[in-house]
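The listed protein sequences derive, respectively, from chains Y and X.
When the letters of the first sequence are read in order and numbered with the working numbering, they come out as residues 1 to 434.
When the letters of the second sequence are read in order and numbered with the working numbering, they come out as residues 435 to 696.
Glycine residues also receive a C-beta, built at the ideal position from the N, C-alpha and C atoms.
Just so you know, these numbers come straight off a predicted model, no measurement behind them.
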Amino acid sequence: MSTDKTSSTDLGKPATAPVDAPPAADAASAAVDPRLLVREQGFGGYLGELKRKVRAGELGALPVIVGLIIICIVFQSLNSNFLTAGNLSDISVAMVGTGMIAVGIVFVLLLGEIDLSVGSVSGVAGASFAVLSVLHGTPEWLALILAILTGAVAGTIHGFIFARIGVPAFAVTLAGLLFWNGFMLKILGDNGTINTNGSGVFYNLSNYFFSDIAVAYGAALVAVAVYFLSAFFDSRRREAAGVPSRPLSEIVLRTVLLAVVAFAVAFMFNQNKGLPLAVVIFLAVLILTDFVLRRTSYGRMIFALGGSVEASRRAGINIVMVRTSVYAISGTFAAVGGLFLASKISAANQGAGSGDLLMNAIAAAVIGGTSLFGGRGRTWNALLGVLVITSIQYGLALEGVAAAIQQMITGGVLLITVIIDAITRKTQKSAGRA
Amino acid sequence: MVHVSATPVLALRGVSKRFGAVQALTDVELEVHAGEVVALVGDNGAGKSTLVKTIAGVHPIDDGVIEWEGKAVQIGKPNDAQTLGIATVYQDLALCDNIDVVGNLYLGRELKKRGVLDEVEMERRSRELLTTLSIRIPSVRIPIASLSGGQRQTVAIARSMLGEPKLVILDEPTAALGVEQTAQVLDLVERLRQRGHAVVLISHNMADVKAVADKVAVLRLGRNNGVFDVKTTSQEEIISAITGATDNAVTRRAARNAEVQK
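Here you go:
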């Protein structure tokens with residue numbers, strides 16, 4: 001009956017569970033396919049696993065980080081002002097607007113879909129805030145909430161038409177791109193540009209810095225401590241439940257790496273004006289969205305839908321609800337991003353949300369490592385990707401390179417990224433992991 | 435009939451199903467008992483899939499009665515079937531390639547702790563389930579994409595077991611599998627029987643049917659064409675029932691007489 005080689009010679013081999021043993025044989029728990037590359041316990045096993053993963057094309061964030069290092073080296077050698085605290089701090093604040101939009105794009109890409117309307121929606125959010133607060137005297141906080149709601153509503157409309165009526169997302173959001181851009185021009189009216197207050201919550205979004213150096217270091221310390229404790233207790237819990245857990249050495253190594261990065265960044269901000277509020281909000285959003293995607297059943301539904309629509313349907317997932325809500329999220333983050341962008345220039349103008357903003361946001365998500373094919377990605381990808389794009393823009397601007405060339409270079413970087421994405425997918429396929 | 439005394443888990447009495455002008459099923463009878471593997475065989479278009487879908491609630495029946503543990507029930511939608519304790523594993527397994535084994539097993543019914551996915555508990559229970567079914571998977575934390583076809587099939591079957599169903603329907607579980615993988619799936623089917631589940635197995639492969647099934651129910655052109663005891667029936671007899679070589683006045687008369695005696 002059995003065709004399994006290991007069990008056909010079961011005399012004197014008690015460690016291997018016979019294949020047709022009755023279910024009561026709990027020795028079967030030891031049964032592991034002999035051909036399987038089992039990760040060794042301990043730190044050595046971790047390194048071995050890492051090497052094997054890289055060879056199998058599971059590069060994760062590695063290409064982006066290498067890319068960032070290359071960008072830093074190149075621009076620093078061209079202009080010694082690139083790696084100054086002032087410039088890096090500027091980059092960090094400037095990236096938040098596009099980065100927020102890219103977070104929404106990551107959600108949409110996880111479904112394997114696209115949202116072309118985010119640029120226009122971000123412009124509408126900035127314009128509606130300006131119109132409400134400056135022209136109509138609405139309180140700032142209310143105007144902010146209403147502006148974000150505008151984005152959420154726009155996204156919900158796109159999502160509903162796509163999910164319920166079945167129009168391809170590409171077409172729906174292309175219509176949205178045109179419509180919302182026109183809508184923005186309409187509400188801005190004849191004057192075209194509305195300047196916002198030079199103070200207040202909205203202004204502070206992009207211009208407030210925690211000048212007390214303790215804030216940046218404190219935030220770094222809290223982040224490192226929370227990371228270590230959650231990883232440590234998770235590992236303890238897994239151990240107690242008898243499922244594979246991370247060795248302590250690995251947790252410590254990861255914590256040390258995080259600590260080095262966190263304190264270096266905090267130090268850099270403190271050399272300049274302190275920790276920017278925009279960066280704090282962006283990091284909070286990343287942590288929150290990452291949690292939603294990986295630790296809640298809603299996030300699991302999004303990944304499932306990106307993997308197989310049919311499987312999701314059979315598992316009882318409400319596909320229309322998930323799709324609509326993902327577009328609502330995308331619209332919401334587009335609006336939030338638009339508010340940051342408008343806050344940066346303290347104005348809502350006719351050019352907002354047009355030009356290369358949409359492409360930069362999508363490129364940021366993809367460069368960061370989110371797959372265009374759905375089901376793979378994390379919102380942290382948006383941070384890495386937008387760092388790359390904004391660094392290139394600032395580096396080239398320092399060199400005085402024209403915008404035309406900047407765009408060509410950004411395009412080239414995006415092309416390289418998708419090529420890496422396609423190649424790693426191929427490698428992963430041949431390694432049986434895609 | 436081996437299990438005449440016990441009440442069947444599932445019994446179809448004179449079930450008919452029409453699609454427009456097509457009479458897909460006519461007066462079909464089927465009985466499945468606990469701890470029994472019934473193979474459902476028949477040529478393409480014989481109505482196997484339609485029959486399975488009526489049991490699974492995808493297509494409501496037009497005529498006839500479905501009895502569940504002796505009581506007549508209505509199965510109008512897939513949910514009804516699931517509530518009764520019927521689990522169906524379709525030919526396309528409907529697994530998400532990008533999600534790991536644990537995630538797929540619990541897809542749509544994740545365990546939660548204070549609103550947050552309880553990954554540790556899900557992983558522990560997944561390992562437990564796979565162990566009791568003696569399913570060998572490299573790791574429960576690798577994406578489905580890295581598993582072989584046979585392993586995917588076993589994961590899909592394991593997933594159907596999570597709800598502790600009384601009846602498991604497997605639609606061509608060994609199609610497109612290699613020798614070794616087929617054996618793994620057949621082993622699993624035997625383990626389901628040992629655990630007291632009733633199993634309906636659709637297959638085109640006579641060797642598989644002979645290997646694991648207790649009874650073979652043959653469908654031909656939407657009608658019953660005999661139920662055979664696997665141990666006492668030769669492969670040729672089953673095949674002739676499938677192809678219709680036995681479908682003549684003599685056999686029909688014999689079938690009628692047998693029914694009268696029942």
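Where residue i meets chain X, residues with beta-carbon distance less than 7 Å
| i | result |
| --- | --- |
| arginine 238/Y | Val554 |
| valine 243/Y | Val554, Glu557, Arg558 and Arg561 |
| arginine 55/Y | What arginine 55/Y touches in chain X: nothing, since even the nearest Cβ is about 14 Å away. |
| arginine 314/Y | Ala528 |
| alanine 304/Y | Cys530, Ile533 and Leu541 |
C-beta neighbour in chain X for residue i, strict 8 Å
| i | result |
| --- | --- |
| proline 23/Y | The predicted position of proline 23/Y is uncertain, since its pLDDT is 39 and thus under 50; no value can be drawn from it. |
| isoleucine 317/Y | yes |
| glycine 189/Y | no |
| threonine 435/Y | What the structure shows of chain Y is the stretch from 1 to 434, and residue 435/Y is not part of that stretch, so it cannot be assessed. |
| arginine 378/Y | no |
| aspartate 10/Y | Reliability fails at aspartate 10/Y, whose pLDDT of 37 lies under 50, so the model's placement of it is uncertain and the value that follows must be treated cautiously. Judged by the 8 Å Cβ criterion, aspartate 10/Y is not in contact with chain X. |
| alanine 31/Y | Because alanine 31/Y sits at a pLDDT of 44, beneath the cut-off of 50, its placement in the model cannot be relied upon, and the point is left open. |
| alanine 28/Y | Bear in mind that the predicted position of alanine 28/Y carries a pLDDT of just 38, short of 50, making it too unreliable to give a figure here. |
| arginine 300/Y | yes |
| aspartate 20/Y | Note that aspartate 20/Y scores 41 on pLDDT, short of 50, meaning its location in the model is unreliable and no value can be drawn from it. |
| alanine 311/Y | yes |
| isoleucine 69/Y | no |
Contacts that residue i makes with chain Y (C-beta to C-beta distance below 8 Å)
| i | result |
| --- | --- |
| aspartate 531/X | Gly307, Ser308, Gly375 and Ala434 |
| leucine 611/X | Those within 8 Å of leucine 611/X in chain Y number zero; the least Cβ separation is about 12 Å. |
Residue from the options with nearest C-alpha to residue i
| i | options | result |
| --- | --- | --- |
| aspartate 605/X | Thr588/X, Gln628/X and Leu596/X | Thr588/X |
| lysine 649/X | Val472/X, Glu463/X and Lys451/X | Val472/X |
| valine 413/Y | Thr427/Y, Ala397/Y, Val167/Y and Thr390/Y | Thr390/Y |
| valine 134/Y | Gly182/Y, Gly198/Y and Leu174/Y | Gly198/Y |
| threonine 173/Y | Gly86/Y, Gly307/Y, Met95/Y and Glu113/Y | Glu113/Y |
| arginine 254/Y | Phe269/Y, Ile367/Y and Tyr227/Y | Tyr227/Y |
| glycine 461/Y | Gly159/Y, Ser245/Y and Ala102/Y | Since the first residue of chain Y shown is 1 and the last is 434, residue 461/Y is not available in this structure. |
| arginine 629/X | Val462/X, His467/X, Glu463/X and Thr460/X | His467/X |
| asparagine 270/Y | Val215/Y, Ala382/Y and Ala311/Y | Val215/Y |
| serine 297/Y | Asp534/X, Leu545/X, Lys511/X and Ile495/X | Leu545/X |
| leucine 78/Y | Pro244/Y, Val401/Y and Thr427/Y | Val401/Y |
| isoleucine 287/Y | Gly123/Y, Gly338/Y, Thr150/Y and Leu383/Y | Leu383/Y |
| glycine 395/Y | Ala264/Y, Val54/Y, Cys72/Y and Phe209/Y | Cys72/Y |
| phenylalanine 202/Y | Ala143/Y, Leu149/Y and Arg238/Y | Ala143/Y |
| leucine 415/Y | Ala397/Y, Asn360/Y, Lys426/Y and Gly375/Y | Asn360/Y |
| alanine 688/X | Ile676/X, Asn659/X and Glu670/X | Asn659/X |
| isoleucine 578/X | Thr566/X, Thr565/X and Arg593/X | Arg593/X |
| alanine 403/Y | Arg378/Y, Gly355/Y and Gly385/Y | Gly355/Y |
Contact list for residue i against chain X, beta-carbon separation under 9 Å
| i | result |
| --- | --- |
| alanine 259/Y | Here the premise fails: no neighbours, minimum Cβ distance about 25 Å. |
| alanine 422/Y | Within 9 Å Cβ-Cβ: nothing; alanine 422/Y doesn't reach chain X, min ~16 Å. |
| arginine 323/Y | Here the premise fails: no neighbours, minimum Cβ distance about 16 Å. |
Below-8 Å beta-carbon distance, residue i vs any chain Y residue
| i | result |
| --- | --- |
| threonine 677/X | no |
| valine 550/X | yes |
| alanine 592/X | no |
| glycine 583/X | no |
| glutamate 544/X | yes |
| glycine 448/X | no |
| glycine 537/X | yes |
Proximity test, residue i beta-carbon vs the ligand MG heavy atom, cut-off 7 Å
| i | result |
| --- | --- |
| serine 206/Y | Of ligands this structure carries none, so the ligand MG is not represented either. |
Alpha helix (DSSP H) runs contained entirely in the region 195-248 of chain Y, provided each spans 4 or more residues
Runs of alpha helix (DSSP H) with 4 or more residues, each lying fully within the region 195-248 of chain Y, are found at 201-207 and 213-241, listed in chain order.
Interface residues of the region 623-647 of chain X facing chain Y [CB-CB below 9 Å]
Answer in chain order: Glu624, Arg625, Gln628, Arg629 and Ala645.
Please give the ranges of any beta strand (DSSP E) in the region 265-307 of chain Y, keeping only runs that are unbroken, at least 3 residues long and fully inside the region.
If we require 3 residues or more, the region 265-307 of chain Y turns out to have no beta strand (DSSP E) run fully inside it.
Every unbroken alpha helix (DSSP H) within the region 45-100 of chain Y, with a cutoff of 4 residues, ordered by chain
Runs of alpha helix (DSSP H) with 4 or more residues, each lying fully within the region 45-100 of chain Y, are found at 62-78, listed in chain order.
Name the residues in the region 648-670 of chain X whose C-beta lies less than 7 Å from a C-beta of chain Y; which are they?
Hits within the stretch: zero.
Fully enclosed by the region 335-409 of chain Y, which alpha helix (DSSP H) runs are 4 residues long or longer?
Those alpha helix (DSSP H) runs which fall completely within the region 335-409 of chain Y and span 4+ residues are 357-367 and 380-398.
Output the residue ranges of the beta strand (DSSP E) runs that lie fully inside the region 617-654 of chain X and measure 3 residues or longer, sorted by chain position.
You should have 632-636 and 649-654.
What residues from the region 152-172 of chain Y come within 8 Å of chain X, judged by C-beta to C-beta, listed N to C?
Under the 8 Å Cβ criterion, the region 152-172 of chain Y contributes no residue.
Give the list of continuous beta strand (DSSP E) stretches no shorter than 3 residues that lie fully inside the region 499-581 of chain X.
Assignment of beta strand (DSSP E) within the region 499-581 of chain X, counting only whole runs of 3 or more residues, yields 505-507 and 520-523 in chain order.
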